[in-house]
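2 protein chains.
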Amino acid sequence: MENLIDNDTEQTVIHYIPRNATLHALAEFFSACSDVTRAKIICALAMSEMCVTDLSRILEINQTTCSHQLRLLRAADIVKQRRDGKIIYYSLKNRKIEDVLMAGVEFLDL
Amino acid sequence: MENLIDNDTEQTVIHYIPRNATLHALAEFFSACSDVTRAKIICALAMSEMCVTDLSRILEINQTTCSHQLRLLRAADIVKQRRDGKIIYYSLKNRKIEDVLMAGVEFLDL
DNA sequence: CCCTCATATGCACAAATGTGCAAATGCGCT
DNA sequence: AGCGCATTTGCACATTTGTGCATATGAGGG
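If you're matching them up, the sequences are chains A and B in order. Everything in the first sequence is counted per this note's numbering, starting at 34 for the first residue and increasing by one. Everything in the second sequence is counted per this note's numbering, starting at 34 for the first residue and increasing by one.
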């Protein structure tokens with residue numbers, strides 16, 4: 034069983050591979066961006082803090098679905114909430130998420 | 034049925050939301066990055082062109098699985114292949130994928 | 001206390017996804 | 001042609017995911 038790449042390269046590659054925890058975190062994060070509904074929500078929240086009702090009305094998605102996806106986005110630390118009386122306002126937790134979207138747009142040349 | 038955000042903001046948000054085709058492309062792209070195995074493969078290929086056998090051996094993943102995931106990555110235009118006799122070498126099609134991973138790493142503060 | 005509105009949760013279900021075995025294909029060699 | 005190796009493909013299966021209805025929770029106002 035011969036190696037096809039040379040041993041030095043192999044060692045370099047092996048050391049470059051991130052730890053499993055890192056890979057897992059990355060995959061989970063990208064997974065949170067990998068749905069049309071959630072991408073929509075992120076884009077909307079990048080413009081303005083908003084409540085669930087407005088979000089679902091403006092994006093034309095079911096309120097329940099919106100709520101479910103917001104929960105996922107919150108679990109992924111992409112979105113945060115703030116309560117004001119009856120209303121819960123959602124917004125981006127960290128503006129770096131926009132850099133990620135931009136990088137995606139760049140890659141796809143959109 | 035009253036709006037909770039003012040109409041100007043609402044209009045701005047509505048115009049900011051990317052077209053459906055764009056959202057779909059973005060989601061599909063991130064979906065390609067949203068799996069541990071594929072993330073691993075991308076990281077490895079960022080270091081060096083490699084064939085399936087080496088990839089699966091070094092990353093310690095089943096060769097068949099590796100092949101399946103490479104097909105997905107190829108469909109997502111993340112990876113390209115080059116044949117040399119019996120061997121097929123895989124490499125990143127576009128180095129901008131690294132910027133995306135970096136943005137993810139930045140976001141997660143890894 | 002009851003009504004209304006904003007939001008979340010439980011549940012069910014269809015659809016998509018990741019994995020690996022078994023078998024097929026492709027290619028060079030003799 | 002026949003063999004061996006590299007890679008892909010077909011198939012099956014368990015698991016996860018996205019969605020929305022029905023229902024619950026939570027908060028303010030009369």
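All C-beta atoms in this analysis are idealised placements derived from N, C-alpha and C, irrespective of residue type, glycine included. All figures in this text were calculated on a predicted structure; none of them were measured in a lab.
Going by DSSP, which residues form a beta bridge with residue i?
i      : result
B/Q114 : B/Y123
A/C84  : A/Y122
Cβ closer than 8 Å: which chain B residues qualify as neighbours of residue i?
i      : result
A/K129 : A136, E139 and F140
List the residues of chain A whose Cβ lies closer than 7 Å to the Cβ of residue i, in chain order.
i     : result
B/S64 : S67
B/T86 : L37
Compare the C-alpha of residue i against each of the options and name the closest.
i      : options                        : result
A/G137 : B/V133, B/L78 and B/V138       : B/V133
A/K119 : A/A77, A/V85, A/F62 and A/H48  : A/V85
B/I111 : A/E93, A/E139 and A/L106       : A/E139
B/N37  : A/R107, A/S81, A/T45 and A/L59 : Looking at the sequence shown, residue 37 of chain B is not Asn but Leu. The option with the nearest alpha carbon to B/L37 is A/S81.
B/A60  : A/F62, A/V69 and A/E61         : A/V69
B/A77  : B/R128, B/A58 and B/D117       : B/R128
B/I47  : A/S124, A/M135 and A/R90       : A/R90
A/L141 : B/A108, B/R116 and B/Y123      : B/A108
B/L105 : B/E43, B/A79 and B/Y123        : B/Y123
B/I121 : B/D87, B/E93 and B/Q44         : B/D87
List, in order along the chain, the chain A residues whose C-beta lies closer than 8 Å to that of residue i?
i      : result
B/C76  : Y49, I50, P51 and L56
B/S81  : I38, T42, T45 and V46
B/D132 : A136, E139 and F140
B/L125 : Chain A residues near B/L125: none, gap ~11 Å exceeds 8 Å.
Quick one: list the residues of chain B neighbouring residue i, beta-carbon separation under 7 Å, in chain order.
i     : result
A/A72 : L56, L59 and A60
A/I91 : E43, V46 and I47
List the residues of chain A whose Cβ lies closer than 9 Å to the Cβ of residue i, in chain order.
i      : result
B/D120 : Checking the displayed sequence, the identity of residue 120 of chain B turns out to be Ile instead of Asp. Chain A residues near B/I120: L37.
Touching or not, the region 48 to 58 of chain B and the region 70 to 90 of chain A, by the rule of three or more beta carbon pairs under 8 Å? yes
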